[in-house]
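J.: Numbering (our numbering), first residue to last: -3 to 172. Glycine residues also receive a C-beta, built at the ideal position from the N, C-alpha and C atoms. Treat the numbers as computed from the prediction; the structure is a model and nothing was measured.
Here it is, written out as structure tokens:
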């Protein structure tokens, strides 16, 4: 009886290449995956970006080509190798072909002047040299907290504008 079972099992298994290919294409598995890694980006030997995340996945022939997940930390450097802004999020995808980076889930951007932007999604477009979102944002400066929607900035977050401002709150606290 066991021999009959194994014969049936053996002949019932079929590896149709089309089905296997379909399964693999649907899965879109990364070609590389690493945990608790750091990435350093340079341009002609000049430090431009340092990035770290709990998980980094790289894909071939698809965009986004790079996905960082969990405790994502990015430091951007100016031409003098001085950190000029910091990005924190839980998820980040990088479209290397179009030079676009999209941060999602608890996104915080901090400028060199310590201005802080908080939102749920933020897009960095290097070709257009701007950072933007249509989501709700909270910007905290040394003097005020601004709440609004629709944010746009230059790449180092030193000049920005909001499409709709919902509130501006002064931080100045008197010591009476």
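Between residue 142 and the rest of its own chain, which residues show a CB-CB distance below 6 Å, the 5 nearest in sequence each way excluded?
T.: Answer for residue 142: 135, 164, listed in chain order.
J.: Would you decide whether residue 133 is buried or exposed? Buried here means 16 or more other CB atoms lie within 10 Å of its CB.
T.: Buried.
J.: Mark residue 90 as exposed unless 16 or more other C-beta atoms lie within 10 angstroms of its C-beta, in which case mark it buried.
T.: It counts as buried.
J.: So if DSSP puts residue 87 in a beta bridge, which residue, or which two residues, is it bridged to?
T.: Paired residues: 65, 100.
J.: From residue 64 to residue 81, what does the alpha carbon distance come to, in whole angstroms?
T.: In a straight line, the C-alpha of residue 64 is about 18 Å away from that of residue 81.
J.: Classify residue 38 as helix, strand or coil using the three-state DSSP reduction.
T.: The answer is strand: DSSP assigns residue 38 an E or B state.
J.: With three or more beta-carbon pairs closer than 8 Å as the criterion, would you say the segment 40 to 60 touches the segment 68 to 84?
T.: Cβ pair count under 8 Å is three or more, so yes.
J.: Measure the alpha-carbon distance for residue 41 versus residue 166 and round it to whole angstroms.
T.: Taking the straight line joining both Cα atoms gives about 43 Å.
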